[in-house]
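Scroll down for the structure; my scribbles are underneath it.
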Amino acid sequence: MNKNKVGARKKIINFANTGYRKTGIVPSLKEINKEFGVCLRSYFSDGMSGLYKLCGFTFSPKQNKKRFLEKQWRELREFKRKKIIDFVKREYRKSGIVPSARKIDKKLKVSFWSCFPKGMNTLYKLCGFRFSPEQKKRKAIYKGQEKRRGLGSTTKGRKQIIKYFNQQLKKSIRSSRVAIERKFSTSLETYFPKGMRELYQTADIPLTGRLRDRKELKEQILNYIRIKVRQGFYPTYNEISEIFHTNIEGSIRKLYRLAEIEYKRDPNPFLRYKKEKKLADIVSKLFLKLGYKIKSISIGPSKPNGADIIVEDEQRRLIPVEIKAFQKFGKIGQAENSPYIRNEILQLKRYIKLLKAPYGYLVTSTDRKTFKNLPLNIKILFGKDLKQLLLQFKMPKELKDLEWIRNSSISYGKEEIYKKIHDRILRYVKKKLNEGKYVPRHEIFQRFRVNPDSYFPSGTREIYKQLNMDPELISNYRMSRNFDKEKFKKRIITFVKEEIKKGHFPTHKEIQRKFRCLIKLHFPGGIREMAKLAGIKYNRKFASKTPEEKELIRQKIIGYAIQKLRNGFYPGYRDVESKFRINFQYYFNNPEELYQKAGYNGSVKKTWKNSGKLLKNNTIR
């Protein structure tokens, strides 16, 4: 062997022995090749196994690799263990709670159990904690509950609840028991054993509603009625409820009897129109001073059509003005829980549309509203705005009249009266519909002497909507001036488009049944015109067939019958109509004719059903 080669072999053997003595791991093939810049196989024909024998190692290269990997893992695990211990100590100093194994896995992206196979006990010892995981778990559960509740001791909890309650009061919100318990995730009785009454008393806030003494509250209401009557005003049901924040049991007349005062009121309808007339006079004078011309005034039961006042601006545009002479405690807008109280805004929008006005005015004597957003084409003048204008134009008499309108009320139980008239109108219209008659707007006025718009702001259409009926499907309605023929045509075309999307082209009869009308009156061109207006391809299949088209469909039906008969199935006329969407009798007189054309030579019984049995004795050509 070459001397140089022998020398190189000795160097490699010495390098391997030295590496093993220092680290306990024999250098790998890659490390040896890198160190000497040679190929190991050129000096040791047996490779690493030959090197191990010459070095006197009693283990194989595979065993050495295993040792190397174990050493690497130990070093990595020690690094991870140190990282986990530092994290746990830091979290414990910060919050007083030792993180769980799951939290450690999630935060550090390592496997806790691969670093601590014996579990949390080993971790606690290495961290130097003087308590066990079980003891800390109980403490963590308690702390977690306390954190969720957001409250500590009873004193601290009471302070926090009172602080929150006062903050809500500054926002004009009276927090209920449910709101407080939802906020702090605890029972109110835990901190205030006597409930909301104790909370109000501790916070030094006057009691309201049912928390007050009922006898004292009753006496306060009766005294208020006596004082107001001496001043010439009769407090209403709504006024008392608003001032005292309570619901009154029984009628307003009973309350007056308890106050030992005679309940004297003008008849409701007359007082109502008297108030509206006075307010209309005030508004008409103000609008003249603002540069408008008065075109018409329609106040009273004999003039139910259109807006209360119609004015003309400088550009000669007609502007509707709706008058609402409400008491100062009344509210403008649709009541949330009552479908019977009129919607003044919706009513005015209809007048704007009829007059094609750029905007409209809603003038009211109250300052209160139930809505948040107002349409851009509606302007409102509240009671405070009217006062300001009357003071500006120096009109003391009108100002006094406005105060009378604001302090007098037209009725008690207004909602009940509206409800009764509303329901009577519905019953009357339903009765007439059962007789096949359409009830127009003027008939309702003549019958009930009320403006239908006051009870149904969207007009007569709303009446039919509440009765779950479509007025456009009534022939009498389609003869009235309220019927929009173009809109009705668009509705039919929309129906056709929707049916096409479902894969079905509606026939002439289907459309006629759906809309209860003669299609030719609206579409003289029939199905072809409908298809053109709907922007779809005209399908000849749904119109009258030519003899050639009819024969082609007959052949398709016969082919379908042959196929079904071969499979042991007797197709009936309903099967054919469902498959081809045609009238069976337009192509065949009866199923026997179809079977004969299909080549079936057996007897035909009327009692046959599509049982699916195979044909045995009968043959098909």
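Per our numbering, the very first residue in the sequence shown carries number 47; after that it's consecutive.
Where a beta carbon is used, it is the ideal one built from N, C-alpha and C, also for glycine.
These numbers were taken from a predicted model, which means no experiment stands behind them.
Measure the alpha-carbon distance for residue i versus residue j and round it to whole angstroms.
| i | j | result |
| --- | --- | --- |
| A62 | K51 | 17 Å |
| G70 | R136 | 37 Å |
| T201 | P239 | 13 Å |
| Y501 | R487 | 12 Å |
| V329 | G337 | 12 Å |
| F428 | K415 | 9 Å |
| P281 | K374 | 11 Å |
| E594 | R600 | 10 Å |
| S199 | K377 | 46 Å |
| V475 | Y397 | 24 Å |
| T553 | V224 | 59 Å |
| R123 | K56 | 37 Å |
| R148 | P163 | 14 Å |
| S454 | F279 | 7 Å |
| K152 | L169 | 17 Å |
| L304 | S411 | 31 Å |
| K430 | L448 | 10 Å |
| E121 | F103 | 25 Å |
| R67 | F114 | 14 Å |
| T506 | D530 | 14 Å |
| F491 | A577 | 43 Å |
| P313 | H468 | Because the pLDDT of P313 is 45, which lies under 50, any placement of that residue in the model is unreliable, and the number read from its coordinates should be weighed accordingly. Spanning the two alpha carbons is a distance of roughly 20 Å. |
| R276 | R495 | 36 Å |
| R195 | T232 | Because R195 carries a pLDDT of 48, less than 50, the predicted location of this residue cannot be relied on, and the following value inherits that uncertainty. Cα to Cα, the separation comes out at about 6 Å. |
Considering only DSSP beta bridges, list what residue i is partnered with.
| i | result |
| --- | --- |
| S703 | Because the chain is modelled from 47 through 667, residue 703 falls outside the range shown and cannot be assessed. |
| L427 | V409 |
| V367 | I355 and Y407 |
| R414 | K377 |
Which residue wins for smallest C-alpha separation from residue i, given the options the options?
| i | options | result |
| --- | --- | --- |
| L75 | H550, K205 and M94 | M94 |
| V367 | A326, G241 and Q361 | A326 |
| R620 | I628, N613 and I608 | I628 |
| K320 | G203, R574, N480 and W450 | W450 |
| K117 | V72, V409 and F103 | V72 |
| F129 | L437, L115 and I150 | The residue you asked about is not Phe; residue 129 is Lys in the sequence shown. Taking only the C-alpha atoms, the option nearest K129 is I150. |
| R260 | Y283, E244, K543 and F290 | F290 |
| Y283 | Q266, L301 and G102 | L301 |
| Q445 | K324, L598 and K425 | The question names Gln, but residue 445 in the sequence shown is Leu. Nearest C-alpha to L445: K324. |
| K111 | R272, E77, K535 and I604 | E77 |
| R559 | F541, E285 and L432 | F541 |
| G174 | L154, D132 and S233 | D132 |
| K443 | G549, K477, K331 and D516 | K331 |
| N613 | K425, R276 and Y646 | Y646 |
| F534 | C85, R562 and L86 | R562 |
| I426 | I557, D413 and L436 | D413 |
| K477 | Y510, K465 and Y237 | Y510 |
Whole-angstrom Cβ separation of residue i and residue j, contact assumed at under 8 Å?
| i | j | result |
| --- | --- | --- |
| A371 | E322 | 5 Å |
| S221 | F211 | 6 Å |
| P421 | K395 | 7 Å |
| E358 | K339 | 4 Å |
| G406 | N423 | 7 Å |
| I369 | I355 | 7 Å |
| L97 | I59 | 7 Å |
| I365 | A403 | 5 Å |
Would residue i be called buried (16 or more neighbouring beta carbons within 10 Å of its own) or exposed?
| i | result |
| --- | --- |
| C161 | buried |
| Y458 | Any answer about Y458 is weak, because its pLDDT of 43 lies below 50 and its placement is not dependable; what the coordinates show is given next. That one is buried. |
| R452 | buried |
| S297 | exposed |
| R207 | The residue you asked about is not Arg; residue 207 is Ile in the sequence shown. Counting Cβ neighbours within 10 Å, I207 comes out buried, since at least 16 surround it. |
| F105 | exposed |
| N269 | exposed |
| E638 | exposed |
| Y632 | exposed |
| P498 | buried |
| Q109 | exposed |
| E265 | exposed |
| N383 | Below a pLDDT of 50, predicted positions are generally treated as unreliable, and N383, at 45, falls in that range; no measurement from the model is reported. |
| F125 | exposed |
| F158 | buried |
| Q393 | buried |
| L334 | exposed |
Check whether the Cβ of residue i sits closer than 7 Å to any heavy atom of the ligand COA, and report yes or no.
| i | result |
| --- | --- |
| I271 | Ligands in the displayed structure: none, and consequently the ligand COA is not present. |
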